[in-house]
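Novice:
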Amino acid sequence: MTKMGVECIFGIPGGANMPFYDALYDSDIRSYLMRHEQQAAHAAEGYAHVARKTAVCSGTSGPGATNLITGLVDAWMDSVPVLAITGQVVRAFMGTDAFQEADIVGMVLPHTKYAVTVMDSRRLVQEFVNAYTVAMMGRPGPTLLDIPRDVMQEEIDGVEDIKPEPIFVQTPPEPDVHSVMEAAKLIIDAEKPVILSGGGVIFSGATNEVLELAEFINAPIVTTTPGKSSVPEDHPLVLGVVGMHGRVESDMAIVDSDLVICVGTRLSDRAIGPPTEFEKNRKVIHIDIDASEFGKNVKPTVSLSGDAKQILRDLIDYIKHIAAKKPKSPLINRLREIGEAYDEFMLEQATSKITSWRAIWLLNKILPPDTVITTGVGQHQMWAQLFWKCKTPGSFISSSGLGTMGFGLPAAFGAKAAAPDRPVVNLDGDGSFLMTCQTLACISDYNLPVITVIFDNRSLGMVRQWQNMFYKQRYKDVEYTDRTDLVKLSEAFGVEGVRVESYEELEKVVKQAVRENTAVTIDLPVGKEEMVFPMVPPGKWLSEVKLPPGLELYGKVSSVHPA
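All letters in the sequence shown, in the order written, are residues 1 to 563 by full-length UniProt numbering.
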């Protein structure tokens, strides 16, 4: 593990993985004792996002292993390189329903790149190298190594210079020259091209290439939620997140486009709406390391399989060789005016009382540009993608594909372990926070100063919003009547807790925590009546986006509807 570059693991020891932890005792690898295995997997995700390499988590057999599953599926959906090492009952007892026996490999196979039970100690190191390598190879994703306890205890010889087996070494395919030429022609001929930047841009390191292409063809850039920090959002061509709760100007950019250049994205329903509508009236260029994504949701006009950075480089060089730089389009200014009108309207609504969106807007102003943001899942997550403007690649970490409540706090812990010198802030909801709040004990134990801001609306806000809009306001099991004191809860775990009731207090507490490099949990009360807009109703096309009640954009853009 040390030779492969593993610096830390997140996990919990138990009977079946105890030999593994006994070996860690004599190693230089840092181990973080988590309070639940799900938190270990999410912490590994946060670490992998920031460190840009495979992160390791561990659990014992049976319940320890099954508790990791949610985090592994989350990593699968968002293409995050995580290796889980699980203990297993001794080989002689396998298949006998032994104490804490579970077929973890069978459970996770559909949601991992590779999962195996190591039955021969002579294969152990080789299988670790395979699993660790393939997690980061090609399209990143989770892997799992299940090791019976007696296999862990056997002596191993001859482990020098072991490399991954050939089947696990994936060289990205070279871009097809004819496809590059075809894509270039589409780009040159397009009158209203848009670049859709996904999470694959981050792990490919293709930020500069996306910006260079956009600047040469003067195309607006929109992002998916996983791709939110793939490009700096203070760049004049970057509009923001697209989709169900995306920026209205981003949604309209797609609606008005005649070509969408999709880079490192699986084109999920939450980002593009109905694929049949997305395919209408526009050409689609799809660039992805994973060729299985081509045609899965959207049938592209041209598909380019390979490393996004290399493909974009080839595409840019060819376009610059045969065409002149395109003039700036007035469409971009019009789209920016829409975004500015939305921001102005929303901020005007939030002066007399604390609202989630203005609080996030304020945090964006006062926190350093290299701050790492994690989120839970819910309304606060959507407000964050609307009002937090990322300036540093890979600095926005959220559970996008699986939508796992409780993701934010352990992911922040892992991110801080990877980047101890950068501020790490978890933006959370009270419902999401309470699912993994025990991570505060880890933050205290290991002195990893994470700042957590809880948007406390005493409800499951996103579910409540859907019940309001689509279920005739028949609210059921979405409001917390027995309110937990989140300040005392945080202090019980050893982390300072503060309840703030003004923007001035929020600014003061956050600035102090950053200045003194201390952990703090901020309980920020917001109204349960808050509703996140823009919103594209499920199953509807992006043009059917609903705006905040009272916001008028008619004349600026067509086909938008008030909520």
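All C-beta atoms in this analysis are idealised placements derived from N, C-alpha and C, irrespective of residue type, glycine included.
Go ahead and pull the three-state DSSP assignment for residue 162.
Specialist: Position 162 of the sequence shown holds residue 162. Of the three classes helix, strand and coil, the one that applies to residue 162 here is coil, per DSSP.
Novice: For the beta strand (DSSP E) containing residue 496, list its first residue and its last residue.
Specialist: In the sequence shown, the residue the question calls residue 496 occupies position 496. Residues 496-499.
Novice: Evaluate residue 281 with the Cβ neighbour count: other Cβ atoms within 10 Å of its Cβ, from every protein chain shown; 16 or more gives buried, anything less gives exposed.
Specialist: Start at 1 with the first residue of the sequence shown, and residue 281 comes out as number 281. That one is exposed.
Novice: Tell me, please, whether the segment 14-22 touches the segment 147-156 by the rule of three or more beta-carbon pairs shorter than 8 Å.
Specialist: yes
Novice: Could you tell me the distance, in whole angstroms, from the CA atom of residue 518 to the CA atom of residue 350?
Specialist: For the purposes of this step, residue 518 is taken as the residue at position 518 of the sequence shown. For the purposes of this step, residue 350 is taken as the residue at position 350 of the sequence shown. Counting only the Cα atoms, residue 350 lies some 29 Å from residue 518.
Novice: Which partner residues of residue 427 appear in the DSSP bridge assignment?
Specialist: Walking along the sequence shown from the start, residue 427 turns up at place 427. BP columns for residue 427 point to 375, 453.
Novice: Closer than 7 Å by C-beta to residue 382: which residues in its own chain qualify, once you throw out the five before and the five after it? Chain order, please.
Specialist: Translated into the one-based positions of the sequence shown, residue 382 becomes position 382. For residue 382, where only same-chain residues beyond five positions count, the Cβ hits under 7 Å are 245, 532.
Novice: Just the C-alpha distance for residue 522 and residue 59, rounded to the nearest angstrom, thanks.
Specialist: Counting from one through the sequence shown, the residue named residue 522 turns up at place 522. Counting from one through the sequence shown, the residue named residue 59 turns up at place 59. The alpha-carbon atoms of residue 522 and residue 59 are separated by roughly 31 Å.
Novice: Tell me, please, whether the segment 7-15 touches the segment 127-145 by the rule of three or more beta-carbon pairs shorter than 8 Å.
Specialist: no
Novice: Which of the three DSSP states is assigned to residue 595 in this structure?
Specialist: Only positions 1 to 563 of the chain appear in this structure, which leaves residue 595 out of reach.
Novice: With H, G and I counted as helix, E and B as strand and the rest as coil, what does DSSP make of residue 559?
Specialist: Here the question's residue 559 lines up with position 559 in the sequence shown. Note on residue 559: pLDDT 45, under 50, position unreliable in the model; the coordinate value appears next. Residue 559: coil per DSSP, three-state reduction.
Novice: Going by other Cβ atoms of all chains shown within 10 Å of its Cβ, with 16 needed for buried, is residue 530 buried or exposed?
Specialist: Position 530 of the sequence shown, counted from the first residue, corresponds to residue 530. Buried, by the Cβ-count rule.
Novice: Please list the segments of the beta strand (DSSP E) lying wholly inside the segment 276-325, counting only runs of 3 or more residues, in order along the chain.
Specialist: 283-288, 302-305
Novice: Count the other C-beta atoms from every protein chain shown that fall within 10 angstroms of the C-beta of residue 63, then say buried if there are 16 or more, exposed otherwise.
Specialist: For the purposes of this step, residue 63 is taken as the residue at position 63 of the sequence shown. Under this definition residue 63 is an exposed residue.
Novice: Just the Cα atoms here: how many angstroms apart are residue 85 and residue 168?
Specialist: Taking the sequence shown and counting its residues from 1, one reaches residue 85 at position 85. Taking the sequence shown and counting its residues from 1, one reaches residue 168 at position 168. Their Cα atoms are separated by approximately 18 Å.
Novice: Would you mind working out which of 69, 398, 28 sits nearest residue 37, comparing C-alpha positions?
Specialist: Position 37 of the sequence shown, counted from the first residue, corresponds to residue 37. The shortest Cα separation from residue 37 among 69, 398, 28 belongs to 69.
Novice: Taking DSSP as the reference, what is the three-state secondary structure of residue 240?
Specialist: Along the sequence shown, read from residue 1 onward, the residue named residue 240 stands at position 240. Strand at residue 240.
Novice: Does the Cβ of residue 550 have 16 or more other Cβ atoms within 10 Å, making it buried, or fewer, making it exposed?
Specialist: Translated into the one-based positions of the sequence shown, residue 550 becomes position 550. By the neighbour-count rule (16 or more Cβ atoms within 10 Å), residue 550 is not buried but exposed.
Novice: Have a look at residue 216 and residue 101 and give me their C-alpha separation to the nearest angstrom.
Specialist: The residue given as residue 216 occupies position 216 in the sequence shown. The residue given as residue 101 occupies position 101 in the sequence shown. Using only the alpha carbons, I get a separation of about 58 Å.
Novice: Would DSSP call residue 493 helix, strand or coil?
Specialist: In the sequence shown, counting from the first residue as 1, residue 493 sits at position 493. Note: residue 493 maps to coil in three-state DSSP.
Novice: Jot down the residue ranges of each uninterrupted beta strand (DSSP E) in the segment 104-170, minimum 3 residues, whole runs only, in chain order.
Specialist: 114-117, 143-148
Novice: The alpha helix (DSSP H) that contains residue 442, what's its start and end?
Specialist: For this step, residue 442 is matched to residue 442 along the sequence shown. Where residue 442 is concerned, the enclosing alpha helix (DSSP H) stretches over 439-445.
Novice: Rounded to the nearest angstrom, how far is the Cβ of residue 376 from that of residue 401, given a contact under 8 Å?
Specialist: In the sequence shown, counting from the first residue as 1, residue 376 sits at position 376. In the sequence shown, counting from the first residue as 1, residue 401 sits at position 401. Incorrect: roughly 15 Å between the Cβ atoms, too far for contact.
Novice: In terms of alpha-carbon separation, which member of 298, 270, 397, 261 lies closest to residue 287?
Specialist: Position 287 of the sequence shown, counted from the first residue, corresponds to residue 287. Taking only the C-alpha atoms, the option nearest residue 287 is 261.
Novice: State the start and end residues of the unbroken alpha helix (DSSP H) segment that holds residue 464.
Specialist: Residue mapping note: residue 464 aligns to position 464 of the sequence shown, counting from 1. Looking at the DSSP string, the run of the alpha helix (DSSP H) that includes residue 464 is 461-470.
Novice: State the Cα-Cα distance for the pair residue 254 and residue 225, rounded to the nearest angstrom.
Specialist: Numbered from 1 along the sequence shown, position 254 holds the residue referred to as residue 254. Numbered from 1 along the sequence shown, position 225 holds the residue referred to as residue 225. For residue 254 and residue 225, the distance between alpha carbons rounds to 15 Å.
Novice: DSSP state of residue 77, grouped into three classes?
Specialist: To locate residue 77, count along the sequence shown from 1; it is residue 77. Helix at residue 77.
Novice: Which partner residues does residue 197 have in the DSSP bridge list?
Specialist: The sequence position of residue 197 within the sequence shown is 197, counting from 1. Residue 197 is bridged to 223, 263.
Novice: Report the rounded CA-to-CA distance for residue 196 versus residue 469, giving the unit in angstroms.
Specialist: Indexing the sequence shown from 1 puts residue 196 at position 196. Indexing the sequence shown from 1 puts residue 469 at position 469. The straight-line gap from Cα to Cα measures roughly 29 Å.
Novice: I need the DSSP call for residue 391, collapsed to helix, strand or coil.
Specialist: Mapped onto the sequence shown, residue 391 falls at position 391. Three-state DSSP puts residue 391 in coil, outside helix and strand.
Novice: Could you tell me the alpha carbon to alpha carbon distance between residue 454 and residue 334, rounded to whole angstroms?
Specialist: Indexing the sequence shown from 1 puts residue 454 at position 454. Indexing the sequence shown from 1 puts residue 334 at position 334. Roughly 35 Å between the two C-alpha positions.
Novice: For residue 358, which three-state DSSP category applies?
Specialist: Taking the sequence shown and counting its residues from 1, one reaches residue 358 at position 358. If DSSP states are grouped into helix, strand and coil, residue 358 belongs with the helices.
Novice: Mapping the DSSP letters down to three states, classify residue 343 as helix, strand or coil.
Specialist: Counting from one through the sequence shown, the residue named residue 343 turns up at place 343. Looking at residue 343 - three-state DSSP - the assignment turns out to be helix.
Novice: Rounded to the nearest angstrom, how far is the Cβ of residue 499 from that of residue 487, given a contact under 8 Å?
Specialist: As a first step, residue 499 is located in the sequence shown; it is residue number 499 there, counting from the start. As a first step, residue 487 is located in the sequence shown; it is residue number 487 there, counting from the start. The pair is a contact, with the Cβ atoms about 5 Å apart (cut-off 8 Å).
Novice: What's the C-alpha gap between residue 465 and residue 314?
Specialist: Here residue 465 refers to the residue found at position 465 of the sequence shown. Here residue 314 refers to the residue found at position 314 of the sequence shown. Each residue's alpha carbon lies about 45 Å from the other.
Novice: Taking the alpha carbon of residue 116 as the reference point, which residue from 143, 97, 138 has its own alpha carbon closest?
Specialist: What you label residue 116 is simply residue 116 of the sequence shown in a count that begins at 1. Ranking the options by Cα distance to residue 116, first place goes to 143.
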